[in-house]
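In what follows, a structure is listed as structure tokens, so that the remarks can point back to it.
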Amino acid sequence: MRAKYVLAEVLVGLWRNVTMTVAMIITMIVSLSMLGASLLMYLQVNEMKGHYYEQVEVSIYLDKSITEDQRAAIKSQLDGDSKVKSVIYETQEMAYENFKNQFRDAPDLVSAIGPTELPESFRVALKDPQQFEQIRGAYADLEGVDTVVDQQKLLQKIFDILGSVQNLSLVVAGAMGIAALLLVANTIQVAAYSKRREVAVMKLVGASNWFIQAPFVLEAVFAALLGSILAWVMLVVGKVVLIDQKLAALTDLLLPVSWGNVNLMLPVLAGIGSLVAAVTGWITLRFYIRV
């Protein structure tokens with residue numbers, strides 16, 4: 001009987017303050033979708049780091065005036081180096097073909113570079129990518145070597161930019177979360193004020209605080225749950241329309257967002273939204289409804 005009464009009061013309260021409820025749901029959708037996108041980006045950046053750092057290479061670019069003996073000496077030292085996992089020698093012709101394939105969408109750039117302008121190099125995969133400094137110290141001063149470049153440092157600049165975007169989205173999600181908290185508190189206060197006479201009567205007949213507060217808290221939790229579901233739907237639409245279709249051409253650079261991570265956001269957002277709404281509602285009522 002008590003549960004039936006509480007549920008009835010929740011439905012009446014939602015309908016009675018329908019405009020505030022809709023505003024609360026919309027705010028929850030925006031804030032939770034921003035939070036979900038930030039969490040997806042965080043997971044995606046970590047997966048990209050693991051994927052690309054496993055494939056990271058050290059490029060040892062050779063002088064144009066290198067001799068056959070110098071080239072053979074560098075290759076022999078690389079083959080015997082315990083820190084090296086594999087070595088690929090790239091001629092100028094191979095470097096030019098890779099360059100044309102990589103920038104095939106920029107024909108003006110390709111036409112501006114000649115086959116002899118790109119240096120030959122050794123592409124070195126390390127057993128431990130963190131040992132670049134030892135490799136550079138061992139090969140940078142050898143005769144015939146021009147420069148030694150660590151691709152990991154180039155990737156780190158990209159990941160730093162992605163991390164900044166990630167932090168910015170978290171800040172925006174936090175600001176929207178604060179707005180959602182304030183709106184939840186305000187909605188509960190309005191609902192409690194509109195039922196102040198019923199609350200006073202329930203206090204007189206000895207109703208517990210939990211019994212009085214439950215309908216208001218459940219209203220906020222219901223709005224949060226609905227908002228989290230719709231926020232997850234927005235993430236699904238964003239993956240299908242924006243990532244899988246609009247950004248499909250960048251699949252060689254960006255790893256596809258997995259459905260597992262997207263589906264994980266539903267229970268995460270529902271849990272966070274419900275918990276925040278319940279705690280905010282309970283705290284608000286502790287100050288607003290006193291025995």
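In UniProt numbering, the protein residues as written are 1 to 291.
Cβ atoms here follow ideal geometry from the backbone N, Cα and C, with glycine treated the same way.
In this text, all values refer to a predicted model and were calculated from it rather than measured experimentally.
Practice item. Taking the CB atoms as reference points, tell me whether A224 and V262 lie closer together than 9 angstroms. Key: Result no, Cβ atoms of A224 and V262 do not sit closer than 9 angstroms.
Practice item. Indicate whether V184 and T284 have their beta-carbon atoms separated by less than 9 angstroms. Key: Contact: yes.
Review point. Can you tell which of I25, Y42, T21 has its C-alpha closest to the C-alpha of L170?
Key: Across the set I25, Y42, T21, the C-alpha of Y42 shows the shortest separation from the C-alpha of L170.
Review point. When the distance is taken between beta carbons, is L269 closer than 9 angstroms to G36?
Key: Contact flag set, yes.
Exercise for review: Leaving out five residues on either side along the sequence, give the residues of the same chain with a beta carbon under 7 angstroms from the beta carbon of M1.
Suggested key: Reliability fails at M1, whose pLDDT of 43 lies under 50, so the model's placement of it is uncertain and the value that follows must be treated cautiously. Cβ neighbours of M1 beyond the five flanking positions: none.
Review point. Can you tell me whether T21 is buried or exposed, with buried defined as 16 or more other CB within 10 angstroms of its CB?
Key: By the neighbour-count rule (16 or more Cβ atoms within 10 Å), T21 is buried.
Check your understanding: Taking all protein chains shown into account, do 16 or more other C-beta atoms lie within 10 angstroms of the C-beta of Q44, making it buried, or fewer, making it exposed?
Key -> Classification for Q44: buried.
Point to revise | Best match in L62, G80, Q156, Q70 for proximity to V90 [C-alpha to C-alpha] | key: Contrary to the premise, residue 90 reads as Glu rather than Val in this sequence. Answer by Cα proximity: L62.
**Study point:** Option nearest K239 by Cα separation, candidates S82, L226, G260
**Key:** It is G260 whose Cα lies nearest to the Cα of K239.
Point to revise | Pair within 9 angstroms by beta-carbon distance, A138 and Q92 | key: Going by C-beta atoms, A138 is not nearer than 9 angstroms to Q92.
Check your understanding: Nearest-angstrom Cα distance between residue 302 and F132?
Key -> No information on residue 302 is available, as it lies outside the stretch 1 to 291 that the chain covers here.
Point to revise | Residues near S33 by beta carbon distance below 7 angstroms, same chain, minus five either side | key: Answer for S33: A231, M234, L235, listed in chain order.
Review point. Among the residues of its own chain, which have a CB less than 8 angstroms from the CB of V237, if the five just before and after it don't count?
Key: Listed in chain order, the non-local C-beta contacts of V237 below 8 angstroms within the same chain number zero, local neighbours out to five positions each way being set aside.
Check your understanding: Which of the three DSSP states, helix, strand or coil, is assigned to Y5?
Key -> In this predicted model, Y5 has a pLDDT of only 49, less than 50, meaning its place in the structure is not dependable enough to derive any value.
Point to revise | Reduced DSSP category for V291 - H, G, I as helix; E, B as strand; rest coil | key: With a pLDDT of 43 at V291, under the threshold of 50, the modelled position of this residue cannot be trusted; read the value that follows with caution. It is coil, neither helix nor strand.
Review point. Where DSSP assigns a beta bridge to T280, which residues make up the other side?
Key: Beta-bridge pairing links T280 to no other residue.
Check your understanding: Below 8 angstroms, can you find three or more Cβ-Cβ pairs linking the segment 138 to 149 to the segment 64 to 80?
Key -> The segment 138 to 149 is in contact with the segment 64 to 80.
Practice item. Would you list the one or two residues that DSSP bridges to E90? Key: According to DSSP, E90 bridges with S121.
Practice item. Please state if the CB of L182 and the CB of M28 are separated by a distance shorter than 9 angstroms. Key: Cβ distance not < 9 angstroms, so M28 and L182 don't count as in contact.
Check your understanding: In this structure, what does DSSP give as the bridge partners for L62?
Key -> L62 is bridged to V145.
Practice item. Report yes if the CB atom of S59 is closer than 9 angstroms to the CB atom of Q156, and no otherwise. Key: In this structure, Q156 does not lie closer than 9 angstroms to S59 by Cβ.
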